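So the sequence shown is numbered by the working numbering: it starts at 117 and just counts up by one. Report on the following structure.
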Amino acid sequence: MNDINSMNREHEIADDEIDLRELFGVIWRGKWIIVLCTVLAAGIAVAVALKMPNIYRSEALVSPVNAENGGLGGLASKYGALAGLAGISLPSGGSDKTTLGLEIMKSRQFFETFNARHEILVPLMAVKAWDPVSGELLVDPEIYDVSSGEWIREANPPRKSEPSTQEAHEVFVDLLSTSQDKESGLVTIGIEHQSPIVAQQWVEWLVEDINEALRSQDLAQAERSIAYLEDQIRSTALAELQAGFFDLIQSQIETMMLAKATPEYLFKTIDPAVVPELKVKPKRSLIAALGVLLGGMLGVLVVLIRHYAFRQQM
117 MNDINSMNRE
127 HEIADDEIDL
137 RELFGVIWRG
147 KWIIVLCTVL
157 AAGIAVAVAL
167 KMPNIYRSEA
177 LVSPVNAENG
187 GLGGLASKYG
197 ALAGLAGISL
207 PSGGSDKTTL
217 GLEIMKSRQF
227 FETFNARHEI
237 LVPLMAVKAW
247 DPVSGELLVD
257 PEIYDVSSGE
267 WIREANPPRK
277 SEPSTQEAHE
287 VFVDLLSTSQ
297 DKESGLVTIG
307 IEHQSPIVAQ
317 QWVEWLVEDI
327 NEALRSQDLA
337 QAERSIAYLE
347 DQIRSTALAE
357 LQAGFFDLIQ
367 SQIETMMLAK
377 ATPEYLFKTI
387 DPAVVPELKV
397 KPKRSLIAAL
407 GVLLGGMLGV
417 LVVLIRHYAF
427 RQQM
């Protein structure tokens, strides 16, 4: 019985070896089909890679400005309830404000103001490439007519020829990246674009505008809070409440003084954005290598399917 089992195993091993030899033989006989598929796939991959525009990335490293100064943090525990009634946000740390600033930077409302101030719609939505010799943007003539200043692209409803704020915002958010180091708290703000000059300029504008947006927001809030607290002082006769209101007014005055005296209100620039010299993508060599690999795999698959399908018909 053992002899029979050992003989069966030997036959199975022999069959596996025969099948493996047959497999290599089939692949070898179809080598020209594999070569052809590989060459075609590599050619397509190279053509696609060469057609893709260079993308440059510019980054700025910024540090969140600490919101606590002048002992204002102690007011949060002492007059927290009164501050809440007045709509005052007393400082409790800089991390929450940093997160708020980064989220505002990605918001549609901020983008609408950013676009209105700097007119970035054409460089964002209509650029075809960047000329490294002249440094000029090449606008796609099928999207935007430079001579007349009109959008002429064909868009499917509800989209219009001129991109809406929603559509442009979606594209802008894909180009924008923000990250914060958990240990140091430093924030990196980056923009990717066909033009390295545009990428660098937009990063600078983003840092400036988010500082201005948060500064203006806190100034307006402080003015409203002071007006409310002054009304409360006039309407109450309790000395303790009046003292608390005066302390809160002082905190808001200090906030206003800080905002007016500090241009870098939220983020202080540590390493400013520069015009990048080298592109970050596309990785053309990687695309070509993937094309060769996929083409070879496709060629082997075609040869095997062709062989075994033909044998089954026999």
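Just so it is clear, CB atoms sit at the ideal spot from N, CA and C, and this is done for glycine as well. Note that the structure is a prediction, hence the values are computed from the model and not measured.
(request) Please state if the CB of I349 and the CB of M368 are separated by a distance shorter than 8 Å. (result) As written in the sequence, residue 368 is Gln, which differs from the Met given in the question. No, they are not a contact pair.
(message) For chain B, check one thing: does any of its Cβ atoms lie closer than 8 Å to the Cβ of S332?
(response) Reference to chain B is not applicable here, since this structure consists of a single protein chain.
(message) Please report the distance separating the alpha-carbon of P379 from that of L406.
(response) 49 Å
(message) For G234 and Y381, what's the separation of their Cα atoms in angstroms?
(response) According to the sequence displayed, residue 234 carries His and not Gly. Taking the straight line joining both Cα atoms gives about 21 Å.
(message) For G360 and T371, what's the separation of their Cα atoms in angstroms?
(response) 17 Å
(request) Determine the direct distance from the alpha carbon of G412 to that of G209, and round the result to whole angstroms. (result) Legend: pLDDT at G209 = 47, less than 50; position of this residue unreliable, no value from coordinates given.
(request) Identify every residue that forms a DSSP beta bridge with K384. (result) S179
(request) Rank G301, K397 and R400 by C-alpha distance to the C-alpha of T214 and give the top, closest one. (result) G301
(message) Looking at V418: is its Cβ nearer than 8 Å to the Cβ of I149?
(response) yes
(message) Suppose contacts are defined by Cβ-Cβ distances below 8 Å. Is L237 in contact with A163 by that definition?
(response) no
(message) Pop quiz: E420 and V142 are said to be a contact at Cβ under 8 Å. What is the actual Cβ separation, rounded to whole angstroms?
(response) It is worth fixing the name first, because residue 420 is Leu in this sequence and not Glu. Confirmed, Cβ separation roughly 6 Å.
(message) Given this structure, state the Cα-to-Cα distance separating V396 from R173, to the nearest angstrom.
(response) 6 Å
(message) Threshold first: 3 residues or longer. Then list the beta strand (DSSP E) segments lying entirely within the stretch 251-339, N to C.
(response) 253-255, 292-296 and 303-309
(message) Going by beta-carbon coordinates alone, are T294 and M221 separated by less than 8 Å?
(response) yes
(message) Excluding the 5 residues flanking L254 on each side, which residues of the same chain have their C-beta closer than 8 Å to its C-beta?
(response) V243, K244, A245, W246 and D247
(request) Compute the Euclidean distance between the alpha carbons of R137 and G415, then round it to the nearest angstrom. (result) 19 Å
(request) Report the option in D297, N231, A338 and L402 whose CA atom is closest to the CA atom of V287. (result) N231
(request) Return the CA-CA distance between M241 and K276, expressed in angstroms with no decimal places. (result) 13 Å
(request) Would you mind giving the Cβ-Cβ distance between L335 and A389, rounded to the nearest angstrom? I have them listed as a contact below 8 Å. (result) That belief does not hold up - the Cβ atoms of L335 and A389 are roughly 27 Å apart, past 8 Å.
(message) Given this structure, state the Cα-to-Cα distance separating P239 from I326, to the nearest angstrom.
(response) 21 Å
(request) Could you give the DSSP three-state label for S174: helix, strand or coil? (result) strand
(message) Rounding to the nearest angstrom, what Cα-Cα distance links E299 and A404 in this structure?
(response) 39 Å
(message) So for A355, helix, strand or coil by DSSP?
(response) helix
(message) So, for G114: in the same chain, excluding its five sequence neighbours on each side, which residues have a beta-carbon less than 6 Å away from its beta-carbon?
(response) Because the chain here runs from 117 to 430, residue 114 falls outside it and cannot be looked at.
(request) Go ahead and pull the three-state DSSP assignment for P392. (result) coil
(request) Go ahead and pull the three-state DSSP assignment for M413. (result) helix
(request) Note the first and the last residue of the continuous beta strand (DSSP E) segment covering K397. (result) Here K397 belongs to no beta strand (DSSP E), and DSSP marks it neither H nor E.
(request) Please list, in chain order, all residues of the same chain as P398 whose beta carbon is under 8 Å from its beta carbon, the five residues on each side excluded. (result) A165, M168, N170 and I171
(request) Please classify A232: does DSSP put it in a helix, a strand, or coil? (result) helix
(message) Per the DSSP calculation, V243 is bridged to which residue(s)?
(response) V255
(request) Grab me the residues of L152's own chain with a C-beta within less than 8 Å of its C-beta, minus the 5 sequence neighbours each way, in chain order. (result) G415
(request) Have a look at Y260 and P279 and give me their C-alpha separation to the nearest angstrom. (result) 11 Å
(message) Just verifying my parser: in three-state terms, what is the DSSP assignment at Q368?
(response) helix
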